[in-house]
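Residues 0 to 62 (numbering that gives the first Met the number 0) are what the sequence shown spells out, left to right.
A short worksheet on the structure shown next.
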Amino acid sequence: MANLCEICGKGERSGFNVSHSNLKTKRTWKPNIQRVRALVKGEVKRVNVCTRCLRSGKIQRAV
């Protein structure tokens with residue numbers, strides 16, 4: 000599944016693990032993406048949505 004929210008566009012971020020000795024290794028942070036049935040323009044569709052968009056009510060879940 001794509002790590003991209005179809006509502007806000009939130010995706011994978013990259014950065015470094017930093018050890019006590021200040022060695023840096025690359026790492027990624029992935030958003031919590033859920034595949035949900037939602038109402039989009041009056042019809043039910045399956046969309047990939049981050050949990051923040053679900054929680055804030057930016058998308059209406061289908062019943």
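Note that beta-carbon positions come from the ideal geometry of N, C-alpha and C, so glycine has one too.
The continuous beta strand (DSSP E) containing residue 13 extends over residues 12-17. Annotated three-state conformation of residue 3 is strand, per DSSP. DSSP places residue 22 in no beta strand (DSSP E); its state is neither H nor E. A contact is defined here as three or more CB-CB pairs under 8 Å, and the segment 41-53 fails this definition with respect to the segment 19-27. Pairing residue 37 with residue 17, the inter-Cα distance amounts to about 40 Å.
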